Amino acid sequence: MKRRVVVTGMGLVSPVGNTVNESFENLVAGKNGIDFITAFDTTTWKVKIAGEVKNLNFEDFIDKKEIRRNDRV
Numbered sequence: 006m007k008r009r010v011v012v013t014g015m016g017l018v019s020p021v022g023n024t025v026n027e028s029f030e031n032l033v034a035g036k037n038g039i040d041f042i043t044a045f046d047t048t049t050w051k052v053k054i055a056g057e058v059k060n061l062n063f064e065d066f067i068d069k070k071e072i073r074r075n076d077r078v
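Taking our numbering, I'd label the letters of the sequence shown as residues 6 to 78.
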């Protein structure tokens, strides 16, 4: 039997943008999303840079109750 795949939409959350369009525009502009870590104090860590997802409002995607139940990661 043949299986059919239907794409009904696109979504993307990444260090270069929180939407498909924002990510595409930033990649075309040559931005890479790698920067100094701001989510926590890195003084005791060797690594100081990462690809952080910034300016993301989880309430736009996930129920408040679910947010409280889960870790930031």
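Note that the Cβ used here is the ideal one computed from N, Cα and C, for glycine as well.
Remember, it's a predicted structure, so these values are computed and weren't measured experimentally.
{"query": "Cα-Cα separation, Trp50 to Glu57", "result": "16 Å"}
{"query": "Residues bridged to Ala55 (per DSSP)", "result": "Asp40"}
{"query": "Extent of the continuous alpha helix (DSSP H) to which Ile72 belongs", "result": "69-74"}
{"query": "Same chain, Cβ closer than 8 Å to Ile72, five either side skipped, listed in chain order", "result": "Phe63, Glu64"}
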